[in-house]
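A short write-up of the structure that comes next.
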Amino acid sequence: MNSNIENRKIPEMKYIVEKTEETDRVTQFLKIFAAILQETNYRPALEQFIKVSAKCAKCTTTCHVFENTNDVRDIPCYRSELLLSVYRRYFSLEGSLYARLFGGFELTDEHISKMQYSFWNCTACRKCVLECPSGIDHGLLTHLARYILAEMNLTPRALVISTSEQLHGETGNTSAIPFIALKDSLEFLEEELQEMFGKEIKFPIDVEGAEYLFFAPVSDYLMEAETLMGIAAVLNAAGVSWTISSKYYDAINYGLFYSDLVLERVLGKIEEEYHRLKAKKVLIGECGHATRSATFLKSFWKNGEAPELVNILQLTHKLLMEGKIKFDPRKVTEKVTYHDPCNISRQGWIIKEPREILHAFCKNYVEMTPSGEENYCCGGGGGTVSIDEIRKYRTLVSGQKKAEQIRKTGAHYIVAPCANCKKQIRETMEDNNVDGELLGLHDLILKAIIIE
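Heads up: the sequence shown begins at 1 in our numbering, then just goes up one per residue.
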């Protein structure tokens, strides 16, 4: 590894943070790190990582960011070492003793700035984890470093503003959509569905005792009408009992990207509505990070046993296999490809279900290369898609591999069942002049579903 990297001038931050008070950042960082170690279970993983870390750089072969920047700061194991070096020196027995006897690494303000830059350059896709021979979870280390930085108020402002509105604002969601506006939107979509199918299809609100309490990424209510219409059509056709809450209706949870505290508080809002409406299961819409964050309901659930969590792709697949929904295979003749959102595919979780759905009515389907568990990130993962001031970085650097993948398929329809992936890939296709139409899986289902 190039030792000259330590002497490089730290570049100006690409993203905007709220102005913070002047303080001793080194002392602050170490105090926060110590508190997190005391109150959480990160320590065993960190102890293991410092023992096995070889910095072999095998992860360079899979990192979509490094492949485009060729910058050593974007090598996952280099990035992880920024945090592991702090843990090794200040919080491990061997490192503390070594430092007392022989000196060595000392945390500096410059080192914190390197972490602030590097850990937000990462999209936390965890593709590098598949290649690490030592089993180091670089995505986990990115999250932990961001968690410490967040407690120092060094989180991108875009995420802070959205989360603040979700937890403390009048609307209680990341897009600041008041319920009256959401209700008007749903009524309009019901009219569209009536006109499309000649049959009443409802978006039920505040139905007590429903089988599924549904949470979509709230941005869908503004930008992904056909995704929601497709979901409603599926659930109606199959006679599923479901409802949307009028009090809290946002599946987005940016805490997954940078703060365990935010993660827990947002999940608490889901639990509150689950109990209020006496639902049986929690259903998450088309969103990778929203689904993965909801898996932590079991960890943070406070009252009783946590409910079963279901992603809409899983439910739609189940209904298809049971013969409760049918598609017209003549409706979609164009070439179709599928993008695997990292948060639901990287560990081999939801991979076969969307493909079996698409094969049921798309006769001209092609895979990206690579795909499934090894698919490339959209380029806007880890919360970076929400940071508009780094759009060019997202689309021309971290999104380049995805642009290449899509272009090579020659597909007309690019299916991405994730709110973040949809925004990122649309912008990437636009900025890289890639032809095709990006849409959700249920957008495509809407074209082919048979409503009897």
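We put the CB at the ideal spot given by N, CA and C, even for glycine.
A quick note: this is a predicted structure, and the numbers were derived from the prediction, not measured.
For this session: Write down the C-beta distance between S463 and S219 rounded to the nearest angstrom, noting that I regard them as a contact closer than 8 Å.
Result: Since the first residue of the chain shown is 1 and the last is 452, residue 463 is not available in this structure.
For this session: With distances taken Cα to Cα, identify the nearest neighbour of A34 among M196, Y90 and Y78.
Result: As a first step, residue 34 is located in the sequence shown; it is residue number 34 there, counting from the start. Checking every option, the nearest Cα to that of A34 belongs to Y90.
Exercise. Tell me which same chain residues have a C-beta within less than 7 Å of the C-beta of L263, skipping the five on either side of it?
Worked result: By one-based count along the sequence shown, residue 263 stands at place 263. Counting only Cβ-Cβ distances below 7 Å, and skipping sequence neighbours, we find N253, G255, L256, S293 and F296.
For this session: Indicate whether the contact test is met: 3 or more Cβ pairs, each with one atom in the stretch 155-162 and one in the stretch 373-386, closer than 8 Å.
Result: yes
Exercise. Got a sec? Which residues, its chain only, sit under 6 Å from R265 by beta carbon, not counting five neighbours each side?
Worked result: As a first step, residue 265 must be located in the sequence shown, where it is residue number 265. Closer than 6 Å at Cβ, skipping near neighbours: L167.
For this session: Give the range of the alpha helix (DSSP H) segment to which K402 is assigned.
Result: In the sequence shown, residue 402 corresponds to position 402, counting from 1. First-last of the alpha helix (DSSP H) with K402: Q400 to T409.
Exercise. Helix, strand or coil: which one does DSSP assign to E81?
Worked result: Your numbering for residue 81 matches position 81 in the sequence shown. E81 falls in the helix class under three-state DSSP.
Problem set entry | Coil, strand or helix - M1 by DSSP | As a first step, residue 1 must be located in the sequence shown, where it is residue number 1. Confidence at M1 is low in this model, with a pLDDT of 38, below 50, so its placement is unreliable and the value that follows should be read with caution. M1: coil per DSSP, three-state reduction.
Exercise. Counting along the chain, where does the beta strand (DSSP E) carrying T337 start and finish?
Worked result: Taking the first residue of the sequence shown as 1, we reach residue 337 at position 337. Per DSSP, T337 belongs to the beta strand (DSSP E) from V336 to Y338.
Problem set entry | Local Cβ density within 10 Å of R25, reported as buried at 16 or more and exposed below that | Here residue 25 corresponds to residue number 25 of the sequence shown, with the count starting at 1. When all chains shown are included, R25 counts as buried.
Exercise. So V434 packs on R407, CB below 8 Å; how close in whole Å?
Worked result: Stepping through the sequence shown from its first residue, residue 434 is reached at position 434. Stepping through the sequence shown from its first residue, residue 407 is reached at position 407. Their Cβ separation, rounded to whole angstroms, is 5 Å, which keeps V434 and R407 in contact under 8 Å.
For this session: Would you check if the distance between the CB atom of R394 and the CB atom of G379 is smaller than 7 Å?
Result: Within the sequence shown, the letter at position 394 stands for residue 394. Within the sequence shown, the letter at position 379 stands for residue 379. Yes, these two residues count as a Cβ contact at 7 Å.
Problem set entry | C-alpha gap between V52 and I32, whole angstroms | In the sequence shown, counting from the first residue as 1, residue 52 sits at position 52. In the sequence shown, counting from the first residue as 1, residue 32 sits at position 32. Each residue's alpha carbon lies about 25 Å from the other.
Problem set entry | Exposed unless 16 or more other CB atoms sit within 10 angstroms - verdict on L235 | Stepping through the sequence shown from its first residue, residue 235 is reached at position 235. Label assigned to L235: buried.
Exercise. Taking C-alpha atoms, which residue in G288, L261, L140 and L149 lies nearest to S113?
Worked result: Counting from 1 along the sequence shown, the entry for residue 113 is found at position 113. It is L149.
Problem set entry | Residue interval of the beta strand (DSSP E) (run including W242) | Your numbering for residue 242 matches position 242 in the sequence shown. Segment W242 to I244, the beta strand (DSSP E) holding W242.
Problem set entry | Three-state secondary structure assigned by DSSP to P11 | Position 11 of the sequence shown, counted from the start, is the residue given in the question as residue 11. With a pLDDT of only 34 at P11, under 50, the local geometry of the prediction cannot be trusted, and no value is derived from it.
For this session: Could you pull out every residue in the same chain whose Cβ sits closer than 8 Å to the Cβ of C63, ignoring the five residues on either side in sequence?
Result: As a working note, residue 63 is residue 63 in the sequence shown. Excluding residues within five positions, the ones whose Cβ falls inside 8 Å are D74, I75, P76, K127 and C128.
Problem set entry | When G230, P44 and N68 are compared against E404, the one with the closest alpha-carbon | Position 404 of the sequence shown holds residue 404. It is N68.
Problem set entry | Close beta carbons around I136, own chain, < 8 Å, minus the five adjacent residues each side | Position 136 of the sequence shown, counted from the first residue, corresponds to residue 136. For I136, where only same-chain residues beyond five positions count, the Cβ hits under 8 Å are F49, V52, S53, C77, S80 and V129.
Problem set entry | Sub-7 Å separation of A251 and C287 beta-carbons | Numbered from 1 along the sequence shown, position 251 holds the residue referred to as residue 251. Numbered from 1 along the sequence shown, position 287 holds the residue referred to as residue 287. Yes, Cβ-Cβ distance for A251 and C287 is below 7 Å.
Exercise. So, E334 versus H275, is the Cβ gap smaller than 7 Å?
Worked result: Taking the first residue of the sequence shown as position 1, residue 334 is located at position 334. Taking the first residue of the sequence shown as position 1, residue 275 is located at position 275. Their beta carbons are not under 7 Å apart, which means E334 does not touch H275 by this criterion.
Exercise. Near L84, what residues of its chain come up, given a Cβ to Cβ distance below 8 Å and the 5 sequence neighbours on each side ignored?
Worked result: For the purposes of this step, residue 84 is taken as residue 84 along the sequence shown, with counting starting at 1. Around L84: L46, F49, I50, S53 and L141.
Problem set entry | Given E110 as reference, the closest of Y338, P307, F29 and A216 once Cα atoms are compared | Here residue 110 refers to the residue found at position 110 of the sequence shown. The candidate whose alpha carbon is nearest that of E110 is F29.
For this session: Just mark Q38 as buried or exposed, buried being the case when its beta carbon has 16 or more other beta carbons within 10 Å.
Result: Here residue 38 corresponds to residue number 38 of the sequence shown, with the count starting at 1. Looking at its Cβ environment, which holds fewer than 16 other Cβ atoms inside 10 Å, Q38 is exposed.
Exercise. Does the beta-carbon of G230 have 16 or more other beta-carbons within 10 angstroms, so that it is buried, or is it exposed?
Worked result: Indexing the sequence shown from 1 puts residue 230 at position 230. Buried: at least 16 other Cβ atoms inside 10 Å.
For this session: Take the Cβ of G172 as the centre, count every other Cβ of all protein chains shown within 10 Å, and call the residue buried at 16 or more, exposed below.
Result: Counting from 1 along the sequence shown, the entry for residue 172 is found at position 172. Counting Cβ neighbours within 10 Å, G172 comes out buried, since at least 16 surround it.
Problem set entry | Classification of Q424 by the beta-carbon crowding that lies within 10 angstroms, buried from 16 upward | One-based indexing of the sequence shown puts residue 424 at position 424. Under this definition Q424 is a buried residue.
Exercise. Where does E388 land, buried or exposed, given buried means 16+ other C-beta within 10 angstroms?
Worked result: Counting from one through the sequence shown, the residue named residue 388 turns up at place 388. Looking at the sequence shown, residue 388 is not Glu but Asp. So D388 ends up on the exposed side.
Exercise. Under the three-state reduction of DSSP, which class applies to N420: helix, strand or coil?
Worked result: Position 420 of the sequence shown, counted from the start, is the residue given in the question as residue 420. Helix at N420.
Exercise. Tell me the DSSP bridge mates of K281?
Worked result: For the purposes of this step, residue 281 is identified with residue 281 of the sequence shown, where counting begins at 1. Bridge partners of K281: Y212 and E308.
Problem set entry | T291 and D443 closer than 7 Å at C-beta | If you number the sequence shown from 1, residue 291 lands on position 291. If you number the sequence shown from 1, residue 443 lands on position 443. No, Cβ-Cβ distance for T291 and D443 is not below 7 Å.
Exercise. How should L358 be labelled, buried or exposed, when 16 other C-beta atoms within 10 angstroms of its C-beta is the threshold for buried?
Worked result: Counting from one through the sequence shown, the residue named residue 358 turns up at place 358. The residue in question, L358, is buried, as its Cβ has 16 or more Cβ neighbours within 10 Å.
For this session: Quick one: residues in its chain with C-beta nearer than 6 Å to the C-beta of L93, no 5 flanking neighbours on either side, listed in chain order?
Result: As a first step, residue 93 must be located in the sequence shown, where it is residue number 93. Nothing listed; no residue qualifies.
Exercise. For the alpha helix (DSSP H) that contains E187, what are its first and last residues?
Worked result: For the purposes of this step, residue 187 is taken as the residue at position 187 of the sequence shown. Note, E187: alpha helix (DSSP H), F179 to F197.
Exercise. Any idea which residues DSSP pairs L439 with across the strands?
Worked result: As a position in the sequence shown, residue 439 is number 439, starting the count at 1. In DSSP, L439 forms a bridge with V415.
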